[in-house]
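Quick note on the numbering used here: the sequence shown kicks off at 4 and runs consecutively.
Even for Gly, the Cβ is constructed at its ideal location relative to N, Cα and C.
Worksheet: the structure to be examined is printed underneath.
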Amino acid sequence: MGDVDRGGGLRLVLLGPPNSGKGTQAQRIAAAMDVPAVSTGDMLRRAVAEGSALGRRVKETLDAGELVDDATMAELVRDRLSRPDTAGGYVLDGYPRTLAQAETLAAILDEGGESLDAAVLMDVDEDELVARALARGRTDDREEVLRERFRVYRERTEPLIGYYERLDLLHEVDGVGSIGEVTRRIFAALGVEGGVAAGADGKDSRP
Ligand code: ADP
């Protein structure tokens with residue numbers, strides 16, 4: 004597909020398996036494009052750390068590597084995307100994770116007269132990701148949770164690749180490489196000028 008139109012801000016979804024570096028790349032892309040990175044994983048972990056009603060409700064689910072239910076996520080994301088800082092766009096990290104969530108996001112965008120600019124799939128195979136996790140010295144039970152998260156990813160989230168492909172929004176990027184390399188590949192895939200430099204050196208190169 005063609006280059007991404009930045010005219011109305013950038014609304015981007017990052018897709019990829021657990022531990023593929025989505026969070027890191029979301030932060031870098033968001034900073035370079037001057038939009039917020041919206042990480043549902045961070046939001047949920049914060050809720051757990053704060054011991055809020057939501058946090059208490061989702062803690063077990065997070066600990067088990069399962070998905071929080073779509074209705075809870077819809078409420079969380081709808082609320083987050085209604086805040087003024089997202090008016091000019093955002094990078095979504097960790098949402099959508101199911102087809103139902105993708106449809107919720109489409110509805111939220113539609114209500115605001117907006118549309119998604121692109122979905123970027125960070126391609127990293129599972130062996131590489133397990134190797135990364137082991138290199139970080141994860142304990143056995145965490146490895147089990149990691150495997151469960153992969154299983155959930157394949158079953159629930161992978162169908163989104165076809166979903167965004169059919170909408171002609173999917174950009175696939177090789178997610179193996181240095182952080183800077185992967186950022187450059189994402190900007191190159193999006194055809195975003197200037198973002199290449201911004202992503203590469205962390206500076207804002209826009210006029
Ligand atoms: P990752 O390490 O893959 O980047 P995240 O930080 O995105 O993981 O998410 C951590 C956990 O938060 C998930 O395993 C899941 O339990 C929950 N979670 C995050 N986003 C969603 C979502 N969109 N739908 C359901 N559960 C979610």
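Of the other Cβ atoms in all chains shown, fewer than 16 fall within 10 Å of the Cβ of glycine 115; this residue is therefore exposed. The stretch 40–48 makes contact with the stretch 59–75; the number of CB pairs closer than 8 Å reaches 3 or more.
In the displayed model, tyrosine 98 falls within coil according to three-state DSSP, outside both helix and strand.
Counting the other CB atoms within 10 Å of its CB gives serine 42 a total of 16 or more, which places it among the buried residues. The three-state secondary structure of arginine 14, taken from DSSP, is strand. Excluding residues up to 5 positions away in sequence, Leu57, Arg60, Val61 lie with their Cβ nearer than 8 Å to the Cβ of threonine 75 in the same chain.
Here glycine 92 is bridged, per DSSP, to Leu13.
With contacts defined as CB atoms closer than 8 Å, leucine 84 and isoleucine 111 qualify as a contacting pair.
In this structure, valine 155 places its C-beta atom within 8 Å of the C-beta atom of leucine 70. Serine 181 counts as exposed, since fewer than 16 other beta carbons sit within 10 angstroms of its beta carbon. Assigned with DSSP and collapsed to three states, glutamate 175 falls in strand. Between alanine 67 and glutamate 151 a beta carbon distance of about 7 Å is seen, short of the 8 Å cut, so the two are scored as contacting. Counting only the Cα atoms, aspartate 120 lies some 16 Å from threonine 107.
Cβ-Cβ separation between proline 21 and phenylalanine 153: approximately 6 Å, consistent with a contact (criterion under 8 Å). For the alpha helix (DSSP H) assignment, the uninterrupted runs of no fewer than 4 residues enclosed by the stretch 50–85 are, from N- to C-terminal side, 56–67, 73–83.
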